[in-house]
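Novice:
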């Protein structure tokens, strides 16, 4: 696992599929992929076919690894960039996850003997 210290909040590199809906567009759930996670936001990959823009508000269902549960968080797209067949985006949670909650995500990963790699 790589931990970034360039941000104000500790970020953890993850490999996590999630579902999201765009506020004001019927909340139809689409797939997205979280690349890193902190208590304040995440780096997310979206399909190229989506019409997303900075300022859009999303509801994201983040699955808790090794359980049937998920946490729904509201987030705002802070920036978005096209790349190949997808968009890369930085999102900010409107209600931050607690640092303890992020640690629970990290600790639920099975067979994590060292913190050099984290794959969900």
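Residue numbers (our numbering): 73 to 192. Every residue gets a Cβ at the ideal spot worked out from N, C-alpha and C, and that includes glycine.
1. If you measure between the beta carbons of residue 15 and residue 159, is that distance less than 9 Å?
2. Are residue 130 and residue 163 close, meaning C-beta to C-beta below 9 Å?
3. Taking just the CA atoms, how far does residue 149 sit from residue 125?
4. Can you list, in chain order, the residues of its chain whose CB lies under 7 Å from that of residue 142, leaving out five sequence neighbours each side?
5. Closer than 7 Å by C-beta to residue 166: which residues in its own chain qualify, once you throw out the five before and the five after it? Chain order, please.
Specialist: Reading off the structure:
1. The first residue shown for the chain is 73 and the last is 192, placing residue 15 beyond what the model contains.
2. yes
3. 7 Å
4. 133, 134, 135 and 136
5. 146, 147 and 148
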